[in-house]
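J.:
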Amino acid sequence: MTGGTASAGVLGRGPLFWGGLMLASYLVVAALGTTGAVEGAPLYILVILPFALVLPMITAANRRSDARSGGCGAKGEAQRRYMKRVAVFTFLYLVVLGIMTFAVKQGDVHPVLRTFLALLPGLAVVGIFWSVGRLIVEEQDEFLRMLVIRQSLIATGFAMCAASVWGFLESADVVQHLDAYYWAVAWFFGLGIGAVANRLRYGTWGAI
Amino acid sequence: MNNRLKVLRAERDWSQQDLADRLGVSRQSVNAIEKGRYDPSLPLAFTIAELFGLPIEAIFSRD
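Structure representation (structure tokens):
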């Protein structure tokens, strides 16, 4: 791909355009929700749809990164695939979470269907974990791969420590009950701690 | 480990990105190796040595 084509982004627009469009869409949706113009399932669908704009935004950002470096040393293929996978699984997560929430609210859902629907959001989160694993497998740059592994280990340590401490506090009725999926949230938060640790130790935030 | 990567690169008037492209790694990798924050694997050390046409011990040394 030539630099000229690459700098064109997606449909001739850069990442800021797509990010701005997504932000503007969410502001409109928020206004519709706040005023009560749209409610229920249609509102939830409107909340989900703008997130799809993250895909052209990522693509445009990657192309701009390529153009600036002349096609060399830009974000690696493994990182591009990782970002696309995470965007897809996050989008799927929002969709199936919405479907599950509305189905459960109906109250008269067959237990088998209820189980199936309840599995979907968790599987979407599993997809994000899988994306991190694939990044570690596919990353060809040993330094960046080491940073991702280090970041993941710090995140795992943080989430497991938090789960262990909270679990016993919960058993002693000191703290309130937390649904188990919050430990996945803690793990993702731990990735942020890992990125800071990478920055302090190696001078770079890492690849994720 | 200490290394002479920055000096060797400067002698050839290469930027970190130039060296990274020649090695097939990221610029962050070159930066981390140059600053002694990261010790490269043996295969990468051999690649660096081959690129500069020097033995590994002429580029890397113990602290």
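Same order as they appear, the protein sequences are chains A and B.
Position 161 of the first sequence, counting from 1, maps to 161 under UniProt numbering, and the rest follow consecutively.
Position 58 of the second sequence, counting from 1, maps to 58 under UniProt numbering, and the rest follow consecutively.
Heads up, the beta-carbon is just placed ideally off N, CA and C, and yes, glycines get one too.
Computed from a predicted model, the values in this text were never measured in an experiment.
#1: Span of the alpha helix (DSSP H) holding residue 214 of chain A?
#2: Quick check on this structure: which residue in A/GLN176, A/ARG145 and A/TRP187 has the alpha carbon closest to the alpha carbon of A/ALA162?
#3: Between the alpha carbons of B/LEU19 and A/ALA78, how many angstroms are there, rounded?
#4: Assuming B/ILE59 and B/ARG4 make a contact with CB atoms under 8 angstroms, what is their CB distance in whole Å?
#5: Given that A/LEU178 touches chain B, what residues does it touch there, using C-beta distances under 7 angstroms?
#6: By the 8 angstroms beta-carbon criterion, what residues does the stretch 193-206 of chain A contribute toward chain B?
#7: Any C-beta of chain B sitting closer than 8 angstroms to the C-beta of A/LEU32?
#8: Which residues of chain B have a Cβ atom closer than 8 angstroms to the Cβ of A/GLU142, listed in chain order?
#9: Consult DSSP for A/GLY4 and reduce its assignment to one of helix, strand or coil.
#10: Give me the chain A residues within the contact set of B/ALA32, using Cβ-Cβ distance strictly less than 8 angstroms, ordered along the chain.
#11: Does the beta-carbon of A/GLN106 have 16 or more other beta-carbons within 10 angstroms, so that it is buried, or is it exposed?
#12: Below 8 angstroms, how does it come out for the stretch 7-26 of chain B and the stretch 191-198 of chain A: are there three or more Cβ pairs, yes or no?
#13: Between which two residues does the alpha helix (DSSP H) containing residue 65 of chain B stretch?
#14: According to DSSP, is A/ARG145 helix, strand or coil?
#15: Using the Cα positions of residue 237 of chain A and A/ALA197, report the straight-line distance between them to the nearest angstrom.
#16: Check whether chain A comes within 8 angstroms of B/LYS6, counting only Cβ atoms and requiring the distance to be less than that.
#17: Going by the beta-carbon positions, is the gap between B/LEU51 and B/ARG27 smaller than 8 angstroms?
#18: Please list the partners that B/ARG37 has in chain A, where partner means a Cβ-to-Cβ separation under 8 angstroms.
#19: Go to A/GLY203, then tell me how far its alpha helix (DSSP H) extends in each direction, as first and last residue.
#20: Alpha helix (DSSP H) containing B/ARG22: first to last residue?
T.: On the basis of the data shown:
#1: Not covered by the structure: residue 214 of chain A. The range shown for chain A is 1 to 208.
#2: Nearest of A/GLN176, A/ARG145 and A/TRP187 to A/ALA162, Cα basis: A/TRP187.
#3: Using only the alpha carbons, I get a separation of about 21 angstroms.
#4: Their Cβ separation, rounded to whole angstroms, is 5 angstroms, which keeps B/ILE59 and B/ARG4 in contact under 8 angstroms.
#5: Listed along chain B, no residue sits closer than 7 angstroms to A/LEU178 by beta-carbon distance, the nearest being about 37 angstroms off.
#6: Contact annotation: in the stretch 193-206 of chain A, residues whose CB is within less than 8 angstroms of a CB in chain B are ARG201, TYR202, GLY203 and THR204.
#7: Chain B, which has no Cβ nearer than 8 angstroms to the Cβ of A/LEU32, makes this no.
#8: Result: VAL25, SER29, PRO40, SER41 and LEU44.
#9: Residue placement at A/GLY4 cannot be trusted, given a pLDDT of 42 that sits under 50; what the coordinates show is reported in the next sentence. For A/GLY4, the secondary structure class from DSSP, reduced to helix, strand or coil, is helix.
#10: Chain A residues near B/ALA32: PHE143, TYR202, GLY203 and THR204.
#11: Its Cβ having fewer than 16 others within 10 Å, A/GLN106 is exposed.
#12: Contact between the stretch 7-26 of chain B and the stretch 191-198 of chain A is absent, because fewer than three Cβ pairs lie under 8 angstroms.
#13: The structure shown does not extend to residue 65 of chain B, since chain B is modelled only from 1 through 63, so no value can be given for it.
#14: Looking at A/ARG145 - three-state DSSP - the assignment turns out to be helix.
#15: The displayed coordinates of chain A run from 1 to 208. Any statement about residue 237 of chain A would go beyond what the structure contains.
#16: Chain A, which has no Cβ nearer than 8 angstroms to the Cβ of B/LYS6, makes this no.
#17: Contact: no.
#18: For B/ARG37, the chain A residues whose Cβ falls inside 8 angstroms of its Cβ are ARG201, TYR202 and GLY203, in order along the chain.
#19: Segment: none, A/GLY203 is in no alpha helix (DSSP H) and carries neither H nor E.
#20: In this chain, the alpha helix (DSSP H) harbouring B/ARG22 covers 16-23.
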